[in-house]
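One structure below.
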Amino acid sequence: MEALTKDLLVFVETNEDGTAKNVGIELLTPGREIATKQGGELAAVVIGYNCQAAVDTVNAYGADKIYVVDSEEYAHYTTDAYKKALIAVIEKYGPTSMMLGATNNGRDLAPRVSCYLKTGLTADCTGVDLDEATGKVAWTRPTFGGNLMATILCPDTYPQMGTVRPGVFKKSEPVAPHAEIIKEDIHVAAEEIRTSLLEVIKEEGGETVDLEGADVIVAGGRGVGGPEGFETIKLLADAMGGVVGCSRAAVDAGWISHAHQVGQTGKTVGPKIYVACGISGAIQHVAGMSGSDCIIAINKDADAPIFDVADYGVVGNLFDVIPALVKEMQ
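Residue numbers (numbering that gives the first Met the number 0): 0 to 329.
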């Protein structure tokens with residue numbers, strides 16, 4: 000497909016109540032920077048039903064143009080409906096580049112769209128910038144099991160597409176709304192939608208953990224020793240007004256649910272404070288939390304790699320250190 004503009008387009012995913020998911024708003028931050036470097040504008044596309052709240056939020060965070068597809072058939076995410084709507088917007092307005100959140104829906108939608116448009120897609124990015132030498136978007140993502148970071152260019156086809164993990168970028172400060180709101184009347188016949196939502200089943204135990212939106216995360220790893228060790232982790236999380244996270248090792252051992260996992264195969268987070276307790280600091284875990292404002296590591300191994308990325312480190316047994324910290328806070 001030929002690019003008609005130098006704009007960067009951000010797909011802003013909506014919740015069923017018509018509000019915007021955080022990742023779409025987060026992507027407006029690098030989107031603004033890259034759009035400016037490309038010599039274009041920052042555009043957003045909002046698809047949903049009764050989604051004016053999402054449009055208002057996108058406008059408040061600095062988009063220049065907002066394409067709105069608002070109709071009942073988009074009340075629940077379906078691949079067929081969202082694919083048709085998004086392709087129609089892209090073909091009509093021809094952005095040079097496009098970003099989507101690497102959510103469950105984003106990971107489903109992006110490859111369908113890129114395949115139809117015969118363009119490249121870089122998935123699960125943890126960094127994005129504009130390559131000055133080529134003028135193309137440089138997408139950075141983990142590779143070889145997270146042991147290396149690869150930077151990928153899509154030099155010949157448009158739009159240049161990538162999915163970016165939630166929590167990698169932070170929301171910018173709100174600005175005076177100035178976007179041009181463009182409503183698109185795009186409909187999909189019922190027979191074109193091959194799936195339907197029958198029932199919503201909550202995750203086992205009904206547990207939901209907002210790691211991506213948390214300001215404070217206290218995470219435990221193999222060093223907690225077992226499921227009972229997370230009771231100590233929770234004491235510190237509660238004292239700091241935070242939530243409990245974990246490494247993959249703790250999930251694989253069956254000590255805590257995957258809903259708490261931070262890292263390459265879990266959530267990417269960027270809290271104000273991240274406390275890593277008994278976590279060695281493998282690159283797969285660091286890839287998911289290195290964007291935290293302040294990282295505090297507690298580990299009895301003074302040579303643990305986690306201390307290489309930590310702002311503050313405590314060498315000691317977490318079962319001695321954490322109770323002492325909690326006592327001081329109380």
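Using N, Cα and C, we set each Cβ at its ideal position, and we do this for glycine too.
>> Between the alpha carbons of Ile-272 and Pro-176, how many angstroms are there, rounded?
In response: Across the structure, Ile-272 and Pro-176 are spaced so that their CA atoms are roughly 31 Å apart.
> Hey, Lys-182 and Val-88: beta-carbon distance below 7 Å or not?
Replying inline: Not a contact, by the Cβ cut-off of 7 Å.
> Residues in its own chain within less than 7 Å of Leu-235 by CB, not counting five upstream and five downstream?
Replying inline: The residues are Val-217, Val-274, Ile-321, Leu-324, Val-325.
> Considering only residues of the segment 42-124, which uninterrupted beta strand (DSSP E) runs meet the minimum length of 3 residues and lie entirely inside it, listed in chain order?
Replying inline: Counting only runs of 3 or more residues that sit fully inside the segment 42-124, the beta strand (DSSP E) segments are 64-69, 96-100, 120-124, in chain order.
> In three-state terms, what does DSSP make of Met-328?
Replying inline: Helix at Met-328.
> If you count every other CB in all the chains shown that lies within 10 Å of the CB of Leu-197, and 16 or more means buried, which is it?
Replying inline: For Leu-197, the number of other beta carbons within 10 angstroms of its own is below 16, and it is reported as exposed.
> Residues bridged to Arg-140 by DSSP?
Replying inline: Within the DSSP bridge table, the entry for Arg-140 names Ala-149 as partners.
> What are the partner residues of Leu-334, as DSSP defines its beta bridges?
Replying inline: Absent from the structure is residue 334, since the part of the chain shown begins at 0 and ends at 329.
> Around the C-beta of Thr-13, are 16 or more other C-beta atoms found within 10 angstroms, so that it is buried, or is it exposed?
Replying inline: When all chains shown are included, Thr-13 counts as buried.
> With a Cβ-Cβ cutoff of 7 Å, do Thr-78 and Asp-107 count as a contact?
Replying inline: Taking 7 Å as the Cβ cut-off, Thr-78 and Asp-107 qualify as a contacting pair.
>> On a Cα-Cα basis, can you pick out the residue from Gln-329, Trp-254, Asn-146, Asp-302 that is closest to Gly-262?
In response: With respect to the C-alpha of Gly-262, the residue from Gln-329, Trp-254, Asn-146, Asp-302 having the closest C-alpha is Asn-146.
> Which residue from Met-98, Gly-47, Val-112, Val-57 puts its Cα closest to that of Asp-6?
Replying inline: It is Met-98 whose Cα lies nearest to the Cα of Asp-6.
> Start and end of the beta strand (DSSP E) containing Val-163?
Replying inline: Counting along the chain, the beta strand (DSSP E) containing Val-163 begins and ends at 159-163.
> If you compare alpha carbons, which of Ser-291, Leu-26, Gly-17 is closest to Ala-101?
Replying inline: If we check each option's Cα against that of Ala-101, Leu-26 comes out closest.
>> Once the 5 residues before and after Gly-47 are set aside, which same chain residues still bring their CB inside 7 Å of it?
In response: Here the set comprises Thr-13, Gly-17, Ala-53, Asp-69, Tyr-73.
>> Can you tell me whether Val-174 is helix, strand or coil according to DSSP?
In response: In the structure shown, Val-174 sits in coil (DSSP, three-state: anything other than H, G, I, E or B).
> Based on the DSSP output, what are the partners of Asn-298 in its beta bridges?
Replying inline: Under DSSP, the beta-bridge partners assigned to Asn-298 are Val-314.
> Exposed or buried, what is Gln-329 when buried is set at 16 or more other beta-carbons lying within 10 Å of its beta-carbon?
Replying inline: The residue in question, Gln-329, is exposed, as its Cβ has fewer than 16 Cβ neighbours within 10 Å.
> At what residues does the beta strand (DSSP E) containing Ala-275 begin and finish?
Replying inline: Element bounds for Ala-275: 272-276.
>> Run through the DSSP bridge pairs and tell me what Trp-219 is partnered with.
In response: A small fix is needed here, since residue 219 is Gly in this sequence, not Trp. When DSSP reads this structure, Gly-219 sits in a beta bridge with Cys-245, Cys-276.
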